[in-house]
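*Asks:* Protein chains in written order, with full-length UniProt numbering: chain A, 1 to 164; chain B, 1 to 164; chain C, 1 to 164; chain D, 1 to 164.
Backbone N, C-alpha and C fix where the C-beta goes; we use that ideal spot for every residue, glycine too.
This is the structure I have questions about; it appears just below.
4 protein chains.
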Amino acid sequence: MSVNKVILVGNVGKDPEVRYFENDRAVANFPLATTERGFTTSSGQQIPERTEWHNLAVWGGLAKVVESYVKKGTQLYIEGKLRTRSWDDKDGNKRYTTEVIVENLQMLGRKSDNPSSTGQAANTGTSAAPQNQQPVSSPPQQSPTQYSNNDSNEGSPEEDDLPF
Amino acid sequence: MSVNKVILVGNVGKDPEVRYFENDRAVANFPLATTERGFTTSSGQQIPERTEWHNLAVWGGLAKVVESYVKKGTQLYIEGKLRTRSWDDKDGNKRYTTEVIVENLQMLGRKSDNPSSTGQAANTGTSAAPQNQQPVSSPPQQSPTQYSNNDSNEGSPEEDDLPF
Amino acid sequence: MSVNKVILVGNVGKDPEVRYFENDRAVANFPLATTERGFTTSSGQQIPERTEWHNLAVWGGLAKVVESYVKKGTQLYIEGKLRTRSWDDKDGNKRYTTEVIVENLQMLGRKSDNPSSTGQAANTGTSAAPQNQQPVSSPPQQSPTQYSNNDSNEGSPEEDDLPF
Amino acid sequence: MSVNKVILVGNVGKDPEVRYFENDRAVANFPLATTERGFTTSSGQQIPERTEWHNLAVWGGLAKVVESYVKKGTQLYIEGKLRTRSWDDKDGNKRYTTEVIVENLQMLGRKSDNPSSTGQAANTGTSAAPQNQQPVSSPPQQSPTQYSNNDSNEGSPEEDDLPF
DNA sequence: TTTT
DNA sequence: TTTT
């Protein structure tokens with residue numbers, strides 16, 4: 001009945017904060033920046049570049065990957081869903097925060113950018129690609145840059161356990 | 001350098017509010033609900049269904065389409081980007097609101113669901129479909145269910161003109 | 001290191017064919033049509049509407065959902081990945097077929113469009129929606145319109161068991 | 001009425017071939033590899049890593065960007081749509097080829113990976129990010145790594161002019 | 001082969 | 001505030 005999907009490619013704004021809860025459950029929180037290029041409208045107006053900051057929350061096993069490999073400046077591809085939480089501020093006002101609950105995460109860039117990597121060169125394959133057809137290839141190995149949360153119980157429910 | 005993309009399928013929570021500005025520029029604002037099904041975790045915990053509400057903002061020509069065809073209850077597919085705006089509340093606190101700036105919108109459901117439609121019958125093409133291959137077809141016309149904002153100056157810049 | 005994602009909203013071209021294998025493993029295959037509207041280029045050229053046909057393959061539990069609820073004409077949202085298979089034709093030429101392996105599927109449209117539905121009424125929640133903010137809602141039950149394959153062993157491996 | 005969307009992150013398999021047509025219209029064609037990690041099923045079966053090759057076609061201004069900046073090994077994010085073309089082979093059989101018509105393309109990786117770049121460091125921002133809120137930032141510079149085709153007459157129509 |  |  002519904003789809004709630006976010007796809008971001010951007011740079012991590014600061015080192016993730018990772019917190020652990022009962023049952024070894026973890027969350028990593030960090031900001032991710034996406035930047036839209038500036039441009040000139042048809043009417044000649046100059047629109048400057050604009051950076052958007054997204055609050056990411058990464059649960060479970062993925063949080064540990066984040067703890068080990070993601071830091072300020074890292075370029076990431078993430079897939080997730082939107083979640084808005086509410087809380088009461090010191091003045092008794094209802095406040096809202098929108099986060100992206102990350103469900104899939106990829107570290108981008110060449111091997112040499114990922115300290116975690118073995119430094120091996122980027123895969124390009126060597127299979128012949130006859131006349132614009134799709135060869136079915138079989139390649140080498142890969143370093144730890146792809147991760148996914150499919151527990152389906154990530155992110156939401158236990159959030160109520162959290163000291164937000 | 002960046003990707004900031006949101007894809008939602010959900011139901012409109014109330015009739016859109018459309019506002020017009022100088023130069024016939026328009027915005028439509030309305031809430032869209034997405035609902036995640038409840039489930040039972042592997043440890044037997046019951047997780048209830050959860051509805052997420054998204055604030056949508058639709059600019060330009062798309063806003064007029066929204067004005068004409070979208071209303072409370074309409075099922076929509078939308079594609080857009082995240083935008084967080086800040087403002088100062090009555091207590092002088094900085095407040096943040098996250099919206100989805102809609103760039104592409106599709107009305108879902110059968111014709112009979114869209115009051116706008118003429119209820120006209122359908123179908124075309126008679127090409128054979130041999131062994132799981134993809135024939136290339138060639139068809140007729142279409143009614144108003146697909147719309148896209150590619151002005152590239154939608155949504156952001158003139159936001160500063162707005163009485164938010 | 002990689003993302004391979006397809007998102008389609010379209011109509012089912014014919015009733016799915018479902019095949020069962022050992023261990024009660026199932027696949028459903030069917031074509032899905034997406035249609036791009038025709039338009040007129042800036043130079044005045046008329047570009048007609050164009051329909052694209054996609055070969056979908058749905059594995060596992062999702063295949064059974066397809067068997068029960070999806071038929072010719074059904075409007076679907078699907079998420080999946082691209083897969084190109086090769087085979088040798090009668091003339092000894094290598095042939096390629098590209099399919100979309102479905103990982104998530106949603107039936108679109110109102111209840112009345114889904115014969116599977118119980119036609120039951122709806123709605124919940126009474127939370128106020130102050131000034132464009134996102135309330136957090138709390139809900140009931142759901143009918144069979146959302147399904148997902150997260151076995152992670154869907155689609156690919158056992159394909160080798162198949163009589164393609 | 002329809003959505004036909006592909007999102008890929010992968011590595012370019014060989015240097016793009018760029019062809020020019022009348023009116024300075026260009027296409028770039030090249031293969032992109034995406035790789036799924038291998039895994040072990042719950043029943044203990046070892047599923048090896050698998051690489052999928054996608055045929056990309058990039059039209060118009062984007063093709064020139066590709067010509068200048070994309071080469072074998074480049075890591076790309078692309079967004080596009082599926083297109084299946086048919087042709088008759090030497091034995092008189094109808095053959096089908098599925099391509100991804102690219103509509104948006106991003107070069108990934110650090111500046112230093114993009115020969116086009118000025119070698120400047122990756123942006124991370126320095127704005128404070130109070131209590132998990134979304135600061136509205138104001139950013140630095142950007143190099144030529146984001147490009148989009150929104151002519152809406154890209155890719156399809158003039159394809160008929162082509163010597164495929 | 002769908003749907004508009 | 002939607003929808004199932």
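Apart from the five residues just before and just after D89 (chain C), which ones in its own chain have a Cβ nearer than 6 Å to its Cβ?
*Replies:* Residue numbering aside, residue 89 (chain C) sits at position 89 when the third sequence is read from its first letter. Excluding residues within five positions, the ones whose Cβ falls inside 6 Å are R95.
*Asks:* Within 10 Å of its beta-carbon, does G60 (chain D) have 16 or more other beta-carbons around it, so buried, or fewer, so exposed?
*Replies:* To locate residue 60 (chain D), count along the fourth sequence from 1; it is residue 60. Buried, since its Cβ has 16 or more Cβ neighbours within 10 Å.
*Asks:* Does V3 (chain D) have its Cβ less than 8 Å from a Cβ in chain B?
*Replies:* Mapped onto the fourth sequence, residue 3 (chain D) falls at position 3. Cβ-Cβ to chain B under 8 Å: yes for V3 (chain D).
*Asks:* Name the one or two DSSP bridge partners that F30 (chain D) has.
*Replies:* Position 30 of the fourth sequence, counted from the first residue, corresponds to residue 30 (chain D). Its beta-bridge partners are D:L56.
*Asks:* Please tell me whether N93 (chain D) has its Cβ less than 8 Å away from any Cβ of chain C.
*Replies:* Looking up residue 93 (chain D) in the fourth sequence gives position 93. Yes, because at least one Cβ of chain C sits closer than 8 Å to the Cβ of N93 (chain D).
*Asks:* Along chain C, which residues have their Cβ under 7 Å away from the Cβ of I7 (chain D)?
*Replies:* Along the fourth sequence, one-based indexing puts residue 7 (chain D) at 7. Simply V3, K5.
*Asks:* E67 (chain A) by DSSP, collapsed to three states: which one?
*Replies:* As a first step, residue 67 (chain A) must be located in the first sequence, where it is residue number 67. Three-state result, E67 (chain A): helix.
*Asks:* Measure from the alpha carbon of L108 (chain D) to the alpha carbon of each residue in D:T98, D:V100, D:L82, D:T74, then state which is nearest.
*Replies:* For the purposes of this step, residue 108 (chain D) is identified with residue 108 of the fourth sequence, where counting begins at 1. Nearest option by C-alpha distance: D:T74.
*Asks:* Can you check which of these residues, A:D91, A:R25, A:R85, A:V70, is closest to L105 (chain A) by C-alpha distance?
*Replies:* As a first step, residue 105 (chain A) must be located in the first sequence, where it is residue number 105. If we check each option's Cα against that of L105 (chain A), A:V70 comes out closest.
*Asks:* If contacts are defined as beta-carbon pairs under 8 Å, then L56 (chain A) and N29 (chain A) qualify, I think. What distance do you get, rounded to the angstrom?
*Replies:* The residue given as residue 56 (chain A) occupies position 56 in the first sequence. The residue given as residue 29 (chain A) occupies position 29 in the first sequence. Sure, about 7 Å apart at Cβ, within 8 Å.
*Asks:* Excluding the five sequence neighbours on either side, which residues of its own chain have a C-beta within less than 6 Å of the C-beta of Q46 (chain C), listed in chain order?
*Replies:* The sequence position of residue 46 (chain C) within the third sequence is 46, counting from 1. Here the set comprises T40.
*Asks:* Among C:E52, C:R25, C:S43, whose alpha-carbon lies nearest the alpha-carbon of L37 (chain C)?
*Replies:* For the purposes of this step, residue 37 (chain C) is taken as the residue at position 37 of the third sequence. In the sequence as displayed, the identity of residue 37 (chain C) is Arg instead of Leu. Among C:E52, C:R25, C:S43, the Cα nearest to that of R37 (chain C) is on C:E52.
*Asks:* What are the residues that DSSP puts in a beta bridge with D89 (chain C)?
*Replies:* As a working note, residue 89 (chain C) is residue 89 in the third sequence. None, per the DSSP bridge assignment.
*Asks:* If we ignore side chains and look at the alpha-carbon of each, how far apart do K81 (chain D) and H54 (chain A) end up?
*Replies:* In the fourth sequence, the residue the question calls residue 81 (chain D) occupies position 81. In the first sequence, the residue the question calls residue 54 (chain A) occupies position 54. Rounded to whole angstroms, K81 (chain D) to H54 (chain A) spans 27 Å at the Cα level.
*Asks:* In angstroms, rounded to a whole number, what distance separates the CA positions of D10 (chain B) and T84 (chain A)?
*Replies:* As a position in the second sequence, residue 10 (chain B) is number 10, starting the count at 1. As a position in the first sequence, residue 84 (chain A) is number 84, starting the count at 1. Here residue 10 (chain B) turns out to be Gly, not Asp, going by the sequence shown. Cα to Cα, G10 (chain B) sits roughly 16 Å from T84 (chain A).
*Asks:* Do E99 (chain A) and K5 (chain A) have their C-beta atoms within less than 8 Å of each other?
*Replies:* Within the first sequence, numbered from 1, the residue matching residue 99 (chain A) stands at position 99. Within the first sequence, numbered from 1, the residue matching residue 5 (chain A) stands at position 5. Against a cut-off of 8 Å, the Cβ pair of K5 (chain A) and E99 (chain A) comes out as no contact.
*Asks:* Using beta carbons (cut-off 8 Å, strictly below), is residue 166 (chain C) in contact with chain D?
*Replies:* As shown, chain C starts at 1 and ends at 164. That puts residue 166 (chain C) outside it, with no answer to give.
*Asks:* CB-CB under 6 Å to S68 (chain C), same chain, minus the five flanking residues each way: which ones, in chain order?
*Replies:* Translated into the one-based positions of the third sequence, residue 68 (chain C) becomes position 68. Answer for S68 (chain C): no residue qualifies.
*Asks:* Any C-beta of chain B sitting closer than 8 Å to the C-beta of T106 (chain D)?
*Replies:* Looking up residue 106 (chain D) in the fourth sequence gives position 106. In the sequence under discussion, the amino acid at residue 106 (chain D) is Gln, which differs from the Thr named in the question. True, the Cβ-Cβ gap to chain B drops below 8 Å.
*Asks:* Under the DSSP definition of a beta bridge, which residues are partnered with M107 (chain A)?
*Replies:* Position 107 of the first sequence holds residue 107 (chain A). Paired residues: A:L76.
*Asks:* Measuring straight from C-alpha to C-alpha, what distance separates I101 (chain B) and E17 (chain D)?
*Replies:* Mapped onto the second sequence, residue 101 (chain B) falls at position 101. Mapped onto the fourth sequence, residue 17 (chain D) falls at position 17. Cα to Cα, I101 (chain B) sits roughly 36 Å from E17 (chain D).
*Asks:* I want to see whether chain D comes within less than 8 Å of Q46 (chain A), judged by CB atoms only; does it?
*Replies:* The residue given as residue 46 (chain A) occupies position 46 in the first sequence. No, no contact with chain D.
*Asks:* In whole angstroms, what separates the C-alpha of L32 (chain C) from that of V12 (chain C)?
*Replies:* The residue labelled residue 32 (chain C) in the question sits at position 32 within the third sequence. The residue labelled residue 12 (chain C) in the question sits at position 12 within the third sequence. Straight-line Cα distance between these residues: approximately 4 Å.
*Asks:* Quick check on the DSSP output: the beta strand (DSSP E) that includes R19 (chain B) runs from which residue to which?
*Replies:* Reading the second sequence from its first residue, position 19 is the one you call residue 19 (chain B). 17–20 is the extent of the beta strand (DSSP E) around R19 (chain B).
*Asks:* Compute the distance between the beta-carbons of T35 (chain C) and S2 (chain D), then report whether it is under 8 Å.
*Replies:* For the purposes of this step, residue 35 (chain C) is taken as the residue at position 35 of the third sequence. For the purposes of this step, residue 2 (chain D) is taken as the residue at position 2 of the fourth sequence. Yes, the pair counts as a contact, with Cβ atoms nearer than the cut-off.
*Asks:* Output yes if chain A places a C-beta closer than 8 Å to the C-beta of Y77 (chain C); else output no.
*Replies:* If you number the third sequence from 1, residue 77 (chain C) lands on position 77. Judged by the 8 Å Cβ criterion, Y77 (chain C) is in contact with chain A.
*Asks:* For V66 (chain A), tell me which candidate among A:I7, A:L8, A:D15 has the shortest Cα-Cα distance.
*Replies:* The residue labelled residue 66 (chain A) in the question sits at position 66 within the first sequence. Of the listed residues, the one whose Cα sits closest to V66 (chain A) is A:D15.
*Asks:* Of all the CB atoms in chain A, is at least one closer than 8 Å to the CB of T34 (chain B)?
*Replies:* To locate residue 34 (chain B), count along the second sequence from 1; it is residue 34. Output row for T34 (chain B): interface = yes.
*Asks:* Does any CB atom of chain C fall closer than 8 Å to the CB of G61 (chain B)?
*Replies:* In the second sequence, the residue the question calls residue 61 (chain B) occupies position 61. It does not; no Cβ of chain C falls within 8 Å.
*Asks:* Apart from the five residues on each side of it in sequence, which residues of its chain come closer than 6 Å, Cβ to Cβ, to Y147 (chain C)?
*Replies:* Against the third sequence, residue 147 (chain C) aligns to sequence position 147. Correct list, in chain order: L62, V65, L105.
*Asks:* Taking the C-alpha atoms as reference points, what is the distance between R19 (chain B) and S43 (chain D)?
*Replies:* Here residue 19 (chain B) refers to the residue found at position 19 when the second sequence is read from its first residue. Here residue 43 (chain D) refers to the residue found at position 43 when the fourth sequence is read from its first residue. Taking the straight line from one Cα to the other gives about 58 Å.
*Asks:* Considering only DSSP beta bridges, list what Q46 (chain D) is partnered with.
*Replies:* In the fourth sequence, counting from the first residue as 1, residue 46 (chain D) sits at position 46. Q46 (chain D) pairs with D:T40.
*Asks:* Reducing DSSP to helix, strand and coil, say where N11 (chain B) ends up.
*Replies:* In the second sequence, counting from the first residue as 1, residue 11 (chain B) sits at position 11. N11 (chain B): strand per DSSP, three-state reduction.
*Asks:* Check this for me: beta carbons of D24 (chain A) and D91 (chain B), under 8 Å apart or not?
*Replies:* Position 24 of the first sequence holds residue 24 (chain A). Position 91 of the second sequence holds residue 91 (chain B). No, Cβ-Cβ distance for D24 (chain A) and D91 (chain B) is not below 8 Å.
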